[in-house]
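Novice: Quick one: this structure, given as C-alpha cells, is what I'll be asking you about.
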Ligand code: GLN
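This is the structure we're talking about:
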C-alpha cells in the first residue's frame, strides 16, 4: 500500500479536504442528478470526455480533470435551464446517422424518418428537399438512393452551412441551394418533392415549452393555423413536378384533413397519408396527374 506521505502534495491536500478530492465519473453523475436526469447527465459527461456509453459505464472510477469538470458543470447547468441536449452536445441521430446540429437548425425528429422510408419505397431520380435545415432528410435519402440526384433548399445560410458539413461528413452528394421554397429553382422539375416545413400555429403554447423554445422559430411556426408554408408549397409544387411526380410532406397532428383537401384542390391525385410511430397521421402525399 502506498504510504500517505509519498502521495504528490496536490493530491494529498485534495484528498484530505474530502469533497474537493479529484472528481470521478461516478461522483459527477451522482452530484448532477440533483439538477438533470441521470440519462442526460451521462450524455453530457460522455460528450465532455469524448467516450462511448460503454466506456463511461465500465469506468465509474475514472478521474475527471478540473477543466472537464468545469465543462460538465456548465453543460449540466445549461440543460437544467432548458437548453436541448442536441444543441449542448452538437449532434443528434437521424435514420441511423449522426448529424451535427446548432441552434440554426431544427433538431431532427424521429417522425421525419417516415419521409425517408417513403422516398426509399419508390426510388425517384430527381429529388427535392424543401427546408432542409440540418440536411438530415436530403442526406439520408441521398445515402439510401445513390443513383438519385438530390437537391436541398433552405432560406437560411446558417442552416445550409450545417447541412453542407453534414453532407461532407456522410459522403452524401447533395446540391444545396439557398432561397425561399421554390424561388431559387427556376423552372426545374423533380420526380419527388419532400418537405418537413414549419407547420405549428403561431399561438400554439407548445412553442414556448421544452426544447422547442430554443429552436429556430422560422422552422416551426407558420401563420395563424400553421398552414401558411404548406399552402405555398402545395400551390407551387405542380409547376416543379413532372407528370406523375409526387409531393410528400410532414404536417401537424391535427392537419391531416386540411392538407389532404389542399392537395385535392390543387389537382393532386393518389393522395396518401401515413401515421407516425405514435399512430398520428403525420405525412401526406399526392401525385401530379
Ligand atoms: N414536430 C415539430 C414539433 O411539433 C415541428 C416540426 C415542424 O414544424 N416541421 O415540435
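In this note's numbering, the protein residues as written are 895 to 1183.
All C-beta atoms in this analysis are idealised placements derived from N, C-alpha and C, irrespective of residue type, glycine included.
In this text the structure is predicted, and so the values were computed from the model without any measurement.
1) Measure the Cβ-Cβ separation of residue 934 and residue 979 and say whether it is below 8 Å.
2) Given the structure, does residue 981 come close to the ligand GLN, in the sense that its CB is under 7 Å from one of the ligand's heavy atoms?
3) I believe residue 1060 touches residue 993 by the beta-carbon criterion, under 8 Å. Please report the beta-carbon distance rounded to the nearest angstrom.
4) Alpha carbon to alpha carbon, what distance is there between residue 969 and residue 1175?
5) Are the CB atoms of residue 936 and residue 923 within a distance shorter than 8 Å?
6) Could you have a look at residue 1039 and say whether DSSP puts it in helix, strand or coil?
7) Determine whether the beta carbon atoms of residue 1083 and residue 1035 lie at a separation below 8 Å.
8) Is the stretch 1068 to 1078 in contact with the stretch 1042 to 1051, if contact means three or more CB pairs nearer than 8 Å?
9) In three-state terms, what does DSSP make of residue 995?
10) So which of 1115, 1017, 1025 and 1109 has the shortest CA-CA distance to residue 1097?
11) Pick helix, strand or coil for residue 1123, following the three-state DSSP scheme.
12) Nearest-angstrom Cα distance between residue 1110 and residue 915?
13) Got a sec? Which residues, its chain only, sit under 6 Å from residue 1168 by beta carbon, not counting five neighbours each side?
14) What is the DSSP secondary structure of residue 1105, counted as helix, strand or coil?
15) Give me the Cβ distance between residue 1086 and residue 1018, rounded to the nearest whole Å; I'm assuming they're in contact under 8 Å.
16) Determine the closest residue to residue 1106 out of 1160, 1092 and 1119, with distance taken between C-alpha atoms.
17) Are the CB atoms of residue 1025 and residue 859 within a distance shorter than 8 Å?
Specialist: Let's see:
1) Sequence index remark: in the chain shown, residue 934 carries index 40 (1-based). Sequence index remark: in the chain shown, residue 979 carries index 85 (1-based). It is a contact, given that the beta carbons lie within the stated cut-off.
2) Translated into the one-based positions of the chain shown, residue 981 becomes position 87. No, since every heavy atom of the ligand GLN falls outside the 7 Å radius drawn around the Cβ of residue 981.
3) The residue labelled residue 1060 in the question sits at position 166 within the chain shown. The residue labelled residue 993 in the question sits at position 99 within the chain shown. So it is a contact: roughly 5 Å between Cβ atoms.
4) Counted from its first residue, the chain shown places residue 1175 at position 281. Counted from its first residue, the chain shown places residue 969 at position 75. Rounded to the nearest angstrom, the two C-alpha atoms are 36 Å apart.
5) One-based indexing of the chain shown puts residue 923 at position 29. One-based indexing of the chain shown puts residue 936 at position 42. At a Cβ-Cβ threshold of 8 Å, residue 923 and residue 936 count as neighbours.
6) By one-based count along the chain shown, residue 1039 stands at place 145. If DSSP states are grouped into helix, strand and coil, residue 1039 belongs with coil.
7) Along the chain shown, one-based indexing puts residue 1083 at 189. Along the chain shown, one-based indexing puts residue 1035 at 141. No.
8) The stretch 1068 to 1078 is in contact with the stretch 1042 to 1051.
9) Translated into positions along the chain shown, residue 995 becomes position 101. If DSSP states are grouped into helix, strand and coil, residue 995 belongs with coil.
10) Taking the chain shown and counting its residues from 1, the one referred to as residue 1097 is at position 203. Per the Cα distances, 1115.
11) Taking the first residue of the chain shown as position 1, residue 1123 is located at position 229. Of the three classes helix, strand and coil, the one that applies to residue 1123 here is helix, per DSSP.
12) In the chain shown, counting from the first residue as 1, residue 1110 sits at position 216. In the chain shown, counting from the first residue as 1, residue 915 sits at position 21. If you take the alpha carbons of residue 1110 and residue 915, they lie about 42 Å apart.
13) Within the chain shown, numbered from 1, the residue matching residue 1168 stands at position 274. Around residue 1168: 1008 and 1177.
14) Counting from 1 along the chain shown, the entry for residue 1105 is found at position 211. Helix at residue 1105.
15) As a working note, residue 1086 is residue 192 in the chain shown. As a working note, residue 1018 is residue 124 in the chain shown. Here residue 1086 really is in contact with residue 1018; their C-beta atoms are around 4 Å apart, less than 8 Å.
16) Your numbering for residue 1106 matches position 212 in the chain shown. Of the candidates 1160, 1092 and 1119, the one whose C-alpha sits nearest the C-alpha of residue 1106 is 1092.
17) Only positions 895 to 1183 of the chain appear in this structure, which leaves residue 859 out of reach.
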